[in-house]
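The sequence shown begins at 9 in this note's numbering and counts up by one.
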Amino acid sequence: MTERSLQFKIYGCEMTLNMPIAMIEMPIGNIRKFFKIITREGWGNEESIRLYFDYIPEIEADFKEQWNIASRDFQEGYQDPRYKDGDYIIDKRERDRRKYHNAKLMSKVKFAKSRYNKFLKKIPKLEVIKEETYV
């Protein structure tokens with residue numbers, strides 16, 4: 009994912025949003041307020057506003073790709089904690105090590121999936137903001 013800095017100006021004040029962090033971490037209410045303030049003096053911010061909303065599909069595709077990569081890593085890296093080369097694993101430390109390894113892989117998958125799903129829920133709200141405030 010490429011990171012961008014978008015510059016917004018209003019009443020002599022210059023604000024910088026670091027993308028995609030600002031889009032992901034800012035609550036919808038704050039984004040709505042931000043764009044209401046920015047569009048008061050929209051003539052200097054058209055390009056930045058357009059770039060902000062054009063960035064949405066790129067972030068969505070990147071999150072989906074991260075989820076797919078994490079899922080693939082889990083499928084390829086999973087180690088059955090009961091068997092090793094067709095035999096039962098008797099050593100408790102080896103079993104625990106494999107369970108820990110699998111849990112780390114699974115947590116990466118869950119994190120990537122939840123981040124993607126949270127962003128999918130945010131997209132319609134961002135589209136409404138775009139319709140309300142687009143210059």
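Glycine is no exception: its CB is placed at the ideal position from the N, C-alpha and C atoms.
Check	Outcome
Going by CA-CA distance only, name the one from T141, G37 and F61 that's closest to P28.	F61
On the premise that I18 lies in contact with I45, defined as a C-beta separation below 8 Å, what is that separation, rounded to the nearest angstrom?	6 Å
Helix, strand or coil for V143? Go by DSSP, reduced to three states.	Caution applies to V143, whose pLDDT of 48 falls short of 50 and renders its modelled position unreliable; the value that the coordinates give is listed next. V143 falls in the coil class under three-state DSSP.
Could you pull the start and end residues of the alpha helix (DSSP H) that R58 belongs to?	E54 to D62
I97 and R90 - do their beta-carbons sit closer together than 8 Å?	yes
So, for E66: in the same chain, excluding its five sequence neighbours on each side, which residues have a beta-carbon less than 7 Å away from its beta-carbon?	none
So, helix, strand or coil for D99, using DSSP?	coil
Determine the direct distance from the alpha carbon of Y124 to that of F82, and round the result to whole angstroms.	17 Å
In chain order, what residues of the same chain lie with their CB nearer than 6 Å to the CB of R106, ignoring the 5 residues before and after it?	Q87 and P89
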